[in-house]
Amino acid sequence: LPVPIMRSLEDPLVHDATMWVLTVMSSLVVMKGIESLSTSGLVSSNSSRKLTHIFMGLVYVLHWRLFISVYGSAIVSTIPFLLSVGIGLVGLGLRHDQKMVKSLSRSGHPRDLLVGPLTYGVTMVVSTLFFWRHSVVGIASLAILCAGDGAAGLLGGKGPRLPWNKSKTWIGSISFLVCSYFAVSWLTQLSHSYHWISTSVYDAYSPWICIIVLWCGLLESLPLFGAWDNLVIYLGSVGAHALLGFQ
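Structure, rendered in structure tokens:
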């Protein structure tokens, strides 16, 4: 790169602005890739929605490492914030985007976007602004929401039903637990290797991952929350961390 550009990238705010563009581009590549799988008929619209649910959040968190300024969390949080605004406008009927409705809604009605997809975006904003990189709470809660809940919906369509919730299956619940556990373990290990969380916190946290995942899996399996499960799982994880003394 030319010397003036290299020097400008040394400024933390310019660097973060550049990383913001890179994060947006990465998110668009993931979104368009999943969308092309759906339009080509390789995956169903429901599978496309769940794949988006799994990968968009995880890709977003993996890009946190790129931001170096003191305003990094505020800068990167504008990505899910703007996405949430766009989802809200479509859900309210103020903007028309049939592709978004088809790929994100459960029933094909724009109003669906105001529940699950909108709360998904809001939880990412909250995790970024209030927890950020130095807290296991935000990272683990997003990992459970994205990987666990997404896997349950993607893999849990068939099989024996849960006795207490006939709309859920054992395969879905097991997928939730397994994928949540590995996603949380992986992201917290990465956070430790990046020195976002201290060794003492990491060592104290690791034995509790199973308990937190089991609690969130129970919440996900209950026949009480419907389309609000994104918010319930996220708040359930945050609450469990708080009760166990993690911040």
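Converting from the sequence shown to the working numbering requires adding 1 to each position, the first position being numbered 1.
From the three backbone atoms N, C-alpha and C, an ideal C-beta is built for every residue, glycine too.
This structure is a prediction, so every number in the text was calculated from the model and none was measured.
Residue environment, residue i, which counts as buried when at least 16 other CB atoms sit within 10 Å
{"i": "residue 195", "result": "exposed"}
{"i": "residue 73", "result": "buried"}
{"i": "residue 188", "result": "buried"}
{"i": "residue 57", "result": "buried"}
{"i": "residue 101", "result": "buried"}
{"i": "residue 280", "result": "This structure does not reach residue 280, given that the chain is present from 2 up to 248, and the question cannot be answered."}
{"i": "residue 30", "result": "exposed"}
{"i": "residue 109", "result": "exposed"}
{"i": "residue 212", "result": "exposed"}
{"i": "residue 51", "result": "buried"}
Same chain, Cβ closer than 7 Å to residue i, five either side skipped, listed in chain order
{"i": "residue 106", "result": "113 and 114"}
{"i": "residue 65", "result": "77 and 134"}
{"i": "residue 62", "result": "140, 143 and 188"}
{"i": "residue 247", "result": "137, 138 and 206"}
{"i": "residue 216", "result": "237 and 241"}
Residue i (DSSP reduced to helix, strand or coil)
{"i": "residue 204", "result": "helix"}
{"i": "residue 190", "result": "helix"}
{"i": "residue 12", "result": "coil"}
{"i": "residue 112", "result": "helix"}
{"i": "residue 118", "result": "helix"}
{"i": "residue 230", "result": "helix"}
{"i": "residue 199", "result": "coil"}
{"i": "residue 248", "result": "coil"}
{"i": "residue 97", "result": "coil"}
{"i": "residue 1", "result": "This structure does not reach residue 1, given that the chain is present from 2 up to 248, and the question cannot be answered."}
{"i": "residue 41", "result": "coil"}
{"i": "residue 128", "result": "helix"}
{"i": "residue 225", "result": "coil"}
{"i": "residue 106", "result": "coil"}
Cβ shell of residue i (< 8 Å), same chain only, five flanking positions each side left out
{"i": "residue 124", "result": "142, 143, 146, 231, 232 and 235"}
{"i": "residue 4", "result": "Confidence at residue 4 is low in this model, with a pLDDT of 43, below 50, so the placement of that residue is unreliable and no value is reported for it."}
{"i": "residue 223", "result": "165 and 166"}
{"i": "residue 182", "result": "210, 211 and 214"}
{"i": "residue 96", "result": "87 and 90"}
{"i": "residue 32", "result": "53 and 57"}
{"i": "residue 163", "result": "169, 170, 171, 174 and 222"}
Same chain only: Cβ atoms within 6 Å of residue i, ignoring 5 sequence neighbours per side
{"i": "residue 2", "result": "With a pLDDT of 49 at residue 2, under the threshold of 50, the predicted position of this residue should be treated as unreliable, though the coordinate-derived value follows. Once the five neighbours on either side are set aside, residue 2 has no close Cβ partner at all."}
{"i": "residue 81", "result": "122, 125 and 126"}
{"i": "residue 117", "result": "228 and 231"}
{"i": "residue 139", "result": "128 and 132"}
{"i": "residue 20", "result": "67 and 68"}
{"i": "residue 7", "result": "In this prediction, residue 7 has a pLDDT of 49, which is less than 50 and means its spatial position is unreliable; what the coordinates show is noted afterwards. For residue 7, where only same-chain residues beyond five positions count, there are no Cβ hits under 6 Å."}
{"i": "residue 53", "result": "35"}
{"i": "residue 226", "result": "233"}
I'd like the ranges of any beta strand (DSSP E) spanning at least 3 consecutive residues and lying wholly in the stretch 131-171.
166-170
Ignoring anything shorter than 4 residues, give me the alpha helix (DSSP H) runs that lie fully in the stretch 45-81, in order along the chain.
46-63
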